[in-house]
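The next block holds one structure in the form of structure tokens; read it before the comments.
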Amino acid sequence: MFKVRGIPVVAIVTALWCAPVAAQLDPAMIAQGQVLSGTARGYAERGGVRDDGGRGSPDKTARICGQVPKVRARLGAKNPRYLELARLCRKAGYP
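When you line the sequence shown up against mature numbering (1 follows the signal peptide of the UniProt record, and there is no 0), it's residues -23 to -1, 1 to 72, in that order.
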């Protein structure tokens, strides 16, 4: 083992390395890291997908587009929300 004036080099390196690292421990940063790791873990459990970006499943699309006549009766044929729903359902291939 290498020694400098009777002190092992490993002890010197360890002492020099640990002092700055211990001074950098910030409880707020540690807590933030724990919160963010929990959030990332939640995304991983859901397959890494937060939402479907507006593209629903075919079953969901069929169910929603099947309700277009009810929406028209409730909102009226000239309602912008109904018109947008009808346009999107036509685009998806539903009459």
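Just so it is clear, CB atoms sit at the ideal spot from N, CA and C, and this is done for glycine as well.
- Message: Measuring only from the beta carbon, is Gly70 closer than 6 Å to any heavy atom that is part of the ligand NAP?
- Response: Ligands are entirely absent from the displayed structure, and the ligand NAP is therefore not among its contents.
- Which residue from Ala54, Pro46 and Arg58 puts its Cα closest to that of Pro72? Pro72 has its Cα closest to that of Pro46, out of Ala54, Pro46 and Arg58.
- Quick one: is Ala63 buried, meaning 16 or more other Cβ sit within 10 Å of its Cβ, or exposed? Taking a 10 Å sphere around the C-beta of Ala63, we find 16 or more other C-beta atoms and assign the residue as buried.
- Item | CB contact check: Pro35 to chain D, cutoff 7 Å | The displayed structure is made up of one protein chain only, and chain D is not part of it.
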